[in-house]
């Protein structure tokens, strides 16, 4: 079936390190991918997105990489800060269908 | 620009009761989607409304229903509540909704506890 999953349920890093959160997707027809950050007691917050005609997109301290050959998505966070501690979800989408979310990776940043 | 708002933020109900949750989208957004989030199942799509019409529906029983008003505000209703309906209910808005390929912006959610 169609699903979006994350490789690791938890990731612990030190403040200042770079973090890499991975996601595998199975629907080759998906053409839009999004990373969301969800802090405790809040709704998912948009971080960055990428369309299937791209393989890399950069934001402020974040980079998303898309490898369509192996259906892999990753989120890189540079100079991770304690405020980055949250659950990170990847989601995939194709026009006309609902977002499909992965199960999330909990990022813990220690100072 | 104000974000997506949801009311109430917290609810406690008992089995068999019904509940209505409300969502106000970002100004100018005509699509509202609802999601259920639980620790075991993660984020699951309930339904999407666009211009007062349900356009997409997830795999949930008929006890879950919704509607959208002319001002794009949306409500979802759950009848005959079951313990398993305890969850965080999230709504998300966007301009085009699922017909397009665009970012959905989420509200803070309504935490429902069924006793």
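Residue numbers (this note's numbering), protein chains in the order written: chain P, 1 to 111; chain V, 112 to 226. Glycine included, each C-beta is placed from N, C-alpha and C at the ideal position. Since this is a predicted model, take the numbers as computed values, not measurements.
- Residue range 56-58 is occupied by the beta strand (DSSP E) that includes residue 57 of chain P.
- Counted as a single uninterrupted DSSP element, the beta strand (DSSP E) harbouring residue 49 of chain P occupies residues 45-51.
- Here residue 143 of chain V is not near residue 121 of chain V, since their CB atoms are 8 Å or more apart.
- Residue pairing for residue 137 of chain V: DSSP places it in no beta bridge.
- Counting only the Cα atoms, residue 110 of chain P lies some 11 Å from residue 11 of chain P.
- The CB of residue 118 of chain V never comes closer than 8 Å to any CB in chain P; the least such distance is about 13 Å.
- As DSSP reads the structure, residue 198 of chain V sits in a beta bridge with V:223.
- Under the Cβ distance rule, residue 172 of chain V does not count among the residues neighbouring chain P, no pair being separated by less than 8 Å.
- For residue 171 of chain V, there is no enclosing beta strand (DSSP E), since its DSSP letter is neither H nor E.
- The shortest CA-to-CA distance from residue 119 of chain V to any of V:125, V:182, V:128, V:134 is the one to V:134.
- Spanning the alpha carbons of residue 174 of chain V and residue 129 of chain V requires a straight line of approximately 9 Å.
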